[in-house]
Every structure is written in C-alpha cells, then in structure tokens.
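Engineer:
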Amino acid sequence: MSNNSNDNDNDNDNQKPLPSSTRRDFLRRAAGIAGAVSAAAMLPASIRRALAIPANTQTGTIQDIKNVVILMQENRSFDHYFGSLQGVRGFGDRFPITLPSGQPVWQQSNGTSILPPYHFNSATSNAMAFAGTPHDYGTGQAAWNQGMFGYWPKWKSANSMGYYQRADIPFHYALADAFTLCDAHHCGLTGPTDPDRIMFWSGSCFDPQLAAQGINCTSADAEITSNRLLTSGTFTNGTFPAYTYTGTPFNWPTIPEVLQDAGVTWKIYQDPNNNWGSLLHGCLAFENFRNAKPGSALYENGMTGSPTYLSQFISDCANNTLPQVSWILPTPNLSEHPSYSSADGAYFISQILDALTANPTVWAQTAFFVTYDENDGLFDHMPAPAVPSYDINNNLMGGSTLPLAGEYYSASTGDLQSTDTISGNIRPYGLGNRVPMFVISPWSTGGWVNSEVFTHTSMGMFLEQRFGITVSSISPWHRAVVGNLTSAFNFKNPSTAALPTFPNTSNYAAFDAEQAALPAVAPPSTPGPLFQESGTRLSRALPYEIHTSARVTANGPIELLFSNTGAMGAVFHVYDQNNLNVIPRRYTIEAGKTLNDNAWTSATQANGAYNLWVYSVNGFFRSFNGNSATDPKIEIQVCYDPVNGAVYAHVTNNGTQAVPVTFVANAYTNVYTEGPWALSVPAGATVAQSWSLTGSANWYDFTLSSGTAFSRRFAGRVETGKDTTTDPAGA
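At position 58 of the sequence shown the residue is numbered 60 (this note's numbering), and the sequence of numbers has no breaks.
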C-alpha cells in the first residue's frame, strides 16, 4: 500500500500529548516488567479500567457476549512484535526448524551474508517509522520457500528482520499482560492486504463453489494480490455507485450479509474517504456491496461513514446502542502499517477500549478482537500450517486425511518470482505467517497465551458459535485444522482485577516527533544474540492429542505413522535433516484419523541413514534418528494419560535378543532427578516407562537411545482439559 493517504480523523484534535520526558520515563519503567516487577502496576488507564469491570456472566456460555467488536490493523508479524515477549513461542523457541544451510531458521540470508533478527531500538533510532517491506504474493512465496525459508531478507529487505521489545511498544505488551494473546494465529496466505481482508470478511479469498468441486482457482476467481478492493472516486453519502471499482466482483455471501439474513445487527465504522483506497474494507470485492443502494442495510451499515466515525462509535457505546457485531476500520496513519508508528496504533486501540469501558454495562458483555491482516514482509520463524506443497516435478510433498483439491492457487505468469522454481505454478493458499491476535474481554483477562491454531476464518467461526449462523465459504480444510477462538475465553469463571492508573497513550504525537529526529534504523554491523524475556505465561487448555511414531524395516525406508486422538485436526511438518534441500513434507490429520507414509528414500540413498524431525501444534516435536541397516529391532510408542497428566513410552523389541535402552530428560531436569532411566527390553516383549508431568506443567522432553546411532526424541505438552502454563524450559 501507499503511505501517502491523509488522515481525516478529527477525533484527536483535543488530545494534548504528554511531554516527551514522560514518554521516556514510561519506556524506562515499562522495560522493567520483564523481571519480577508486577506487570499489573504498569498498565495504562484504559487497560486498568477494563480489568476492573466484571463480566456480565448469566449463562456461563458464549451467549453472555452481547457485543462483538472487531479491529483489523495492518502489516505486523508475530515475531516482529512479540518474539521477545515472555512465555510465547518466540525467539526462545527450543525447536526451530533447520534451513537448507544446516543452520537454525534465525540465520536468514540476504543473498550474500547472514542477517538474523535484530532489535529495532526506538531509543536510538527511528525504529517506529521504518520503511515497509515487500508484501506481495510472489515475494511471499519466495521467502516462505514452501516451508524451507532461508532467504527472507533477500526477498523482503533488511528491515524484514527487525523486531521490537517491550520498551518499544509498551502498550501492546500491556495488552498481552492484561488479556489474552494468541501465538499461533496466522494470516490467510503469503500475500498482501486485499486477499487477507477478503477472507476475513467472507471466509475465503477463492471461489468456494469451485473449490468444493475440486477446482483450483486462478486470478479470475481468486484473490492473491491487491486488486478487487482498490477503488477510486469520492464517497458521498446517498450516491450510487459509491465508488469506481476495479476487478470483477465475487458473489459468495459476505459475513455481514449472513448476519443480516439471520437478524443479527451489525455495522462497519469507517471514514469511507480515508480507508486507503478502500483496501481496508474487505466487502467491497463483492457484487452485492458494490450494488448496494442508499437505504439498504448493506449501504447504510457497511458503506457510510465520516471523519468523525469514532465519535459515533463512542456515542453508541455510551448510549448502549452498539450493534451486536461491529467492525472498525482504522485510518491509514492509525493502522500500524509501516512506516506509520505502532504508538499511533496503540492510541487508536486505547480510544476504542476507553469507549467500551466508559459504559460498564457495555464492557461487561463485550468481546473485543484486535488482529492484523498480514505480516507485511516481516519475518516470522514458525512454519505455517498449510496444505502440502508440490515439488517442481508435481509430486505432492505430504498427505491428508481429507481431500485437498481446490485448496491451491493456479498461478499465472507474473504471479511468482522468476527464480522461484522450487515448485511449479500450483501453490498452497496458506496458511500464511503468524500475526498478532489480542482477545480483549472480561472473559479473557489475566495475561494468558492461547496456542491453538487460528487464522482469518476463525473470526467467522466465532460468529457462527455465538449467533448460530453458517459461513458457508469457509473450506473443509480450514474447519479441520483452524480453531474458532472460543478457547481464548473462560465464560464460567472469569477473573477481574482493579489496577492503579498509569499514563495513557495520548502522548503519541510527541513520541513520533522524537522518533523523527533520530537516525534511520539499520542492521547492526555484528549480529547480536536473540532476546526473549524470561518466565512463563498462563496458557489455555487446548483440544490437541496427536501422535507420530516410526516403523523401520531392514534396509528399507522409514515409515512414519501419524494419528490424531484429539478433538481438533493438526498439520505435521516433516523436515528430512539428511535432505534439507527438499521441500518439507506436510500432513493434515483430522481429529480421529490416522495416516502413514514411507516416502523418505534417504534410508536407501545414504547407506540406510535417516534423521527426520517432526513438528506440529502446541510444542509437539519428534525426531527419529538411526540407520535401517544397523538399527536394533525396537520402536517406541508415546502415549498420554490426560486424566493424571502423565506420558508413557512403550518400547517394543521385535528382534531375537534383548536390547538395552536408555531414556534421558532433555529438560525439566530439576523435576526428573532420578534419570537417566536404563532398561532392558527382552526379545519379543514390550516394556514401559512413565513420567508424571505435574512438576513441569504437563510439558515433557525425553530421548530414547540405544547404541550409538538409534534415538527417538519426543517433546510437547499433554492436554488434560485444564489450563496450565507455557513451557517452563523455554523460560
């Protein structure tokens, strides 16, 4: 997007910024939260007030939410904002994927040298006004590299590797400390604003009817670039057509239309002449919105607005006249899109939160969601859950327990970079990279992290749960592996806390002026160590119970067995450490399903040696290392005890002689002081070793070894249906 749009929002005219010295003091004190200092004592007034208002709990269910308020900001990745935040899956990740270079994922290359993530320090540089990075579909595909990563700054510029710490964006960290932050929320695809917002407002960025027939869409019936939302002309209330549109319109129903048909009230609060050429309004790609006439619900609730739209929202909050579902569109300067400042976005978010909490009756029955449409080109290290890629020879690199036809984009000339030849023109839509998602509500207080996989279709599925609607365009694959956001709430026993007042965010103008006087941000001449705050966070219970085991035949390929005994589907990523230049294989396993694959030929190509690393949701990690020609005839099956919070390892010996094995704890050694555990497995028998996980918050990380080559590592968290904490070993 262009950064040349003017701000016509006049609601800020009477706000007087605090002195810059106050801002600096704020930053210094906020930085101290990372230690033992209570984050509660540092929260801005808007957050303090929100936490002090109890939830209006009547049924103890999602039906207690009467107002859903949704704000989608612009272009920030999760690592860029929160890679250094305590307790989340960030720069302290103990299981980063391996690049084709053999280095961990942090060691990205610009084509000539290595550029790992580095701190955007707002105290010494103009880090809040850095130039945006390329965020088109083609460079997104090239940087993702079908899951191999490797050359992020080459495709996305040096700025793509920059990240903030607490002192740089204190309000955003305060939101995370006060409410719930989702650290596995992904944008819809490796592309720009347009397709992500279309998906957010309708449930899909490709024709769901064609996809249901197994047809992979092209640009004629899918959106992967910024085209259909771009408009020209000046909106004048009461006119038709409202704009001059680009691109042929889509015709599947948008979420506002589904709500309208169900009798659910809704409104989009916006300035229709200051919404970045309409790119922020995801419904304008659709025929029914384009044809909406003055007087119709789509026109009056979804097209109109003015520069004082936030005043209207504030008034509706005060008068308890909010619709049941509200979308709020930021103006460009408040959207957090680079090169606009995160501080300005913080002020905008605080204004909305102030309006909601000014009326305790409204706040007590509200769920406020703040997310971001895409990651710009900003780096995020987590492999995105996605359908399997195709390699250059059109081989499917993975598998699925449900049909995948229709879940791919058929790229045309010009859609991809000319040197992006790792795959052909059939490309997964997504999911894309992680972006932040805040769940701000009386039912989500306490500084929680939620690690269920979410994306832009999750918002539609949440509205389904609350209002009994059906967003028919959400694909079966999304429904299998993507959550509906309800796990981020505690409807039965919400907590509240009254906190002291702290300076608000209205000093953003002074901070912007300070920033403008500083030198431009730039990578350090010598890369520094990655930083993540120490400690854990409260972590919501999740619906996952997944498994991967291995089977090896003499001198043959290794076979992996995936199974899912949980309540939610999951994507498994398999990185062949002996063939890192090969696209990693991905497997979608629905809840209650199993799938086997023996596609790894390295067992015969490298004298039987294999070394496979498997990643999935919720910290799940497995490694299978050995040699099929010399392995002992043993295998391991890892089982869970969700009632008691324990993990079991069953070791079976299919050979003719007893085999000695040893288990070691790779983490939580202060809990498992009795290890290592040496066992002898008789021929034809199975032995078991178990560990109670109550001392490690249900997290585990053990390795089974036998001899010098054979090993099996298994790590993750056992879900018991109860909330716990994030990984203590990552603290």
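Heads up, the beta-carbon is just placed ideally off N, CA and C, and yes, glycines get one too.
Are the CB atoms of Gly-400 and Asp-578 within a distance shorter than 9 Å?
Structural biologist: Here residue 578 corresponds to residue number 576 of the sequence shown, with the count starting at 1. Here residue 400 corresponds to residue number 398 of the sequence shown, with the count starting at 1. No, these two residues do not count as a Cβ contact at 9 Å.
Engineer: Let me know the secondary structure DSSP gives Trp-157 once reduced to three states.
Structural biologist: Your numbering for residue 157 matches position 155 in the sequence shown. Helix.
Engineer: Per DSSP, what kind of secondary structure is Phe-288 in: helix, strand or coil?
Structural biologist: Taking the first residue of the sequence shown as position 1, residue 288 is located at position 286. Residue state, collapsed to three classes: strand.
Engineer: Among Thr-705, Trp-602, Phe-440, Ser-682, which has the Cα closest to the Cα of Val-649?
Structural biologist: Against the sequence shown, residue 649 aligns to sequence position 647. Taking only the C-alpha atoms, the option nearest Val-649 is Thr-705.
Engineer: Whole angstroms is fine: what's the gap from Glu-516's alpha carbon to Gln-88's?
Structural biologist: Residue 516 sits at position 514 when you count from the first residue of the sequence shown. Residue 88 sits at position 86 when you count from the first residue of the sequence shown. Cα to Cα, Glu-516 sits roughly 28 Å from Gln-88.
Engineer: Can you find at least 3 beta carbon pairs, one from the region 466-485 and one from the region 98-115, that sit closer than 8 Å?
Structural biologist: Because the criterion of three Cβ pairs below 8 Å is not met, the region 466-485 and the region 98-115 do not touch.
Engineer: Starting from Asn-303, trace the beta strand (DSSP E) in both directions and tell me its first and last residue.
Structural biologist: As a first step, residue 303 must be located in the sequence shown, where it is residue number 301. No beta strand (DSSP E) contains Asn-303, which is instead part of the alpha helix (DSSP H) from 299-304.
Engineer: Compute the Euclidean distance between the alpha carbons of Tyr-245 and Tyr-301, then round it to the nearest angstrom.
Structural biologist: Start at 1 with the first residue of the sequence shown, and residue 245 comes out as number 243. Start at 1 with the first residue of the sequence shown, and residue 301 comes out as number 299. Straight-line Cα distance between these residues: approximately 12 Å.
Engineer: Is the separation between the beta-carbon of Arg-719 and that of Ala-699 shorter than 9 Å?
Structural biologist: As a first step, residue 719 must be located in the sequence shown, where it is residue number 717. As a first step, residue 699 must be located in the sequence shown, where it is residue number 697. A contact, by the Cβ cut-off of 9 Å.
Engineer: List the whole-angstrom C-beta distance separating Pro-496 from Thr-182, where the pair is believed to meet the contact cut-off of C-beta under 8 Å.
Structural biologist: What you label residue 496 is simply residue 494 of the sequence shown in a count that begins at 1. What you label residue 182 is simply residue 180 of the sequence shown in a count that begins at 1. Between Thr-182 and Pro-496 the Cβ distance is about 11 Å, and since that is not below 8 Å, they are no contact.
Engineer: Asp-263: buried (16+ other C-beta within 10 angstroms of its C-beta) or exposed?
Structural biologist: In the sequence shown, the residue the question calls residue 263 occupies position 261. It is exposed - the Cβ of Asp-263 has fewer than 16 other Cβ atoms within 10 Å.
Engineer: Return the first residue and the last residue of the beta strand (DSSP E) that Ile-257 is part of.
Structural biologist: Along the sequence shown, one-based indexing puts residue 257 at 255. Looking at the DSSP string, Ile-257 is not in any beta strand (DSSP E); the run it does join, the alpha helix (DSSP H), is 257-263.
Engineer: Go through its chain and collect everything with a Cβ distance to Asp-382's Cβ below 6 Å, but skip five positions before and after it.
Structural biologist: Counting from one through the sequence shown, the residue named residue 382 turns up at place 380. Contacts found: Ser-79, Phe-80, Asp-81, Asn-435, Arg-436.
Engineer: Within the continuous beta strand (DSSP E) that includes Tyr-650, where are the two ends?
Structural biologist: Start at 1 with the first residue of the sequence shown, and residue 650 comes out as number 648. Residues 648-655.
Engineer: Could you tell me which of Phe-288, Tyr-153, Gly-307 sits nearest to Ile-116, measuring between CA atoms?
Structural biologist: Residue 116 sits at position 114 when you count from the first residue of the sequence shown. Taking only the C-alpha atoms, the option nearest Ile-116 is Tyr-153.
Engineer: Which stretch, first to last residue, makes up the beta strand (DSSP E) that contains Tyr-577?
Structural biologist: Walking along the sequence shown from the start, residue 577 turns up at place 575. Residues 572-578.
Engineer: What residues in its chain sit with their C-beta under 6 Å from that of Ser-4, if we drop five residues either side in the sequence?
Structural biologist: Here residue 4 is taken as the residue at index 2 of the sequence shown, counted from 1. Model confidence at Ser-4 stands at a pLDDT of 40, short of 50, so the residue's coordinates are unreliable; what they give is reported in the following sentence. So no residue of the chain qualifies.
Engineer: If we call anything under 9 Å between Cβ atoms a contact, is Thr-728 one with Asn-646?
Structural biologist: In the sequence shown, residue 728 corresponds to position 726, counting from 1. In the sequence shown, residue 646 corresponds to position 644, counting from 1. Not in contact: Thr-728 and Asn-646 (Cβ atoms no closer than 9 Å).
Engineer: Just how far apart, CA to CA, sit Ser-1 and Gly-142?
Structural biologist: Because the chain here runs from 3 to 733, residue 1 falls outside it and cannot be looked at.
Engineer: Going straight from the alpha carbon of Gly-568 to that of Asn-277, what length do you get?
Structural biologist: Within the sequence shown, numbered from 1, the residue matching residue 568 stands at position 566. Within the sequence shown, numbered from 1, the residue matching residue 277 stands at position 275. If you take the alpha carbons of Gly-568 and Asn-277, they lie about 42 Å apart.
Engineer: On a CA-only basis, which of Gln-534, Tyr-589, Met-463, Leu-358 is nearest Val-260? Give me that one, please.
Structural biologist: Taking the sequence shown and counting its residues from 1, the one referred to as residue 260 is at position 258. For the residues Gln-534, Tyr-589, Met-463, Leu-358, the minimum Cα distance to Val-260 belongs to Met-463.
Engineer: Once you ignore the five residues that flank Asn-620 on each side, which residues in its own chain have a CB closer than 7 Å to its CB?
Structural biologist: Within the sequence shown, residue 620 is the residue found at index 618, counting from 1. Counting only Cβ-Cβ distances below 7 Å, and skipping sequence neighbours, we find Ser-453, Leu-544, Tyr-546, Gly-718, Arg-719.
Engineer: Under the three-state reduction of DSSP, which class applies to Phe-350: helix, strand or coil?
Structural biologist: Along the sequence shown, read from residue 1 onward, the residue named residue 350 stands at position 348. Phe-350: helix per DSSP, three-state reduction.
Engineer: Distance, Cα to Cα, Phe-1 vs Ser-551?
Structural biologist: Given that the chain is displayed from residue 3 to residue 733, the structure contains no residue 1 and the question cannot be resolved.
Engineer: Could you give the distance in angstroms between the alpha-carbon of Gly-530 and the alpha-carbon of Gln-167?
Structural biologist: Mapped onto the sequence shown, residue 530 falls at position 528. Mapped onto the sequence shown, residue 167 falls at position 165. Cα to Cα, Gly-530 sits roughly 14 Å from Gln-167.
Engineer: Within a Cβ cutoff of 7 Å, which residues of the same chain sit near Val-683, ignoring the five residues on either side of it in sequence?
Structural biologist: Here residue 683 refers to the residue found at position 681 of the sequence shown. Contacts found: Ile-636, Val-653, Asn-655, Ala-660, Val-661, Val-663, Val-689.
Engineer: If contacts are defined as beta-carbon pairs under 8 Å, then Phe-370 and Trp-445 qualify, I think. What distance do you get, rounded to the angstrom?
Structural biologist: Position 368 of the sequence shown, counted from the first residue, corresponds to residue 370. Position 443 of the sequence shown, counted from the first residue, corresponds to residue 445. Not confirmed; about 11 Å, so no contact.
Engineer: For Gly-401, name the three-state secondary structure that DSSP assigns.
Structural biologist: In the sequence shown, the residue the question calls residue 401 occupies position 399. Here Gly-401 sits in strand by DSSP.
Engineer: Of the residues Gly-284, Ser-124, Leu-404, which one's Cα is nearest the Cα of Tyr-247?
Structural biologist: Taking the sequence shown and counting its residues from 1, the one referred to as residue 247 is at position 245. For the residues Gly-284, Ser-124, Leu-404, the minimum Cα distance to Tyr-247 belongs to Gly-284.
Engineer: Measuring only the C-alpha atoms, how far is Thr-135 from Tyr-83?
Structural biologist: The count along the sequence shown starts at 1 and reaches residue 135 at position 133. The count along the sequence shown starts at 1 and reaches residue 83 at position 81. Looking at the two C-alpha atoms, the distance is approximately 15 Å.
Engineer: Which of the three DSSP states is assigned to Leu-563 in this structure?
Structural biologist: Working through the sequence shown from its first residue, we reach residue 563 at position 561. If DSSP states are grouped into helix, strand and coil, Leu-563 belongs with the strands.
Engineer: Per DSSP, what are the beta-bridge partners of Glu-637 in this structure?
Structural biologist: Position 635 of the sequence shown, counted from the first residue, corresponds to residue 637. DSSP lists Thr-654 as partners of Glu-637.
Engineer: Just list the beta strand (DSSP E) runs in the region 84-119, keeping only unbroken ones of 3 residues or longer that don't cross its boundaries, in chain order.
Structural biologist: Segments of the beta strand (DSSP E) lying fully in the region 84-119: there are none.
Engineer: Pull up the distance between the alpha-carbon of Ala-413 and that of Met-130, whole angstroms please.
Structural biologist: In the sequence shown, counting from the first residue as 1, residue 413 sits at position 411. In the sequence shown, counting from the first residue as 1, residue 130 sits at position 128. Their Cα atoms are separated by approximately 35 Å.
Engineer: Buried or exposed: where does Ser-341 fall if 16 or more other Cβ atoms within 10 Å of its Cβ makes it buried?
Structural biologist: If you number the sequence shown from 1, residue 341 lands on position 339. Answer is exposed; the Cβ neighbour count stays below 16.
Engineer: Look up Ile-585 in the DSSP assignment and say whether it is helix, strand or coil.
Structural biologist: Stepping through the sequence shown from its first residue, residue 585 is reached at position 583. Ile-585 falls in the coil class under three-state DSSP.
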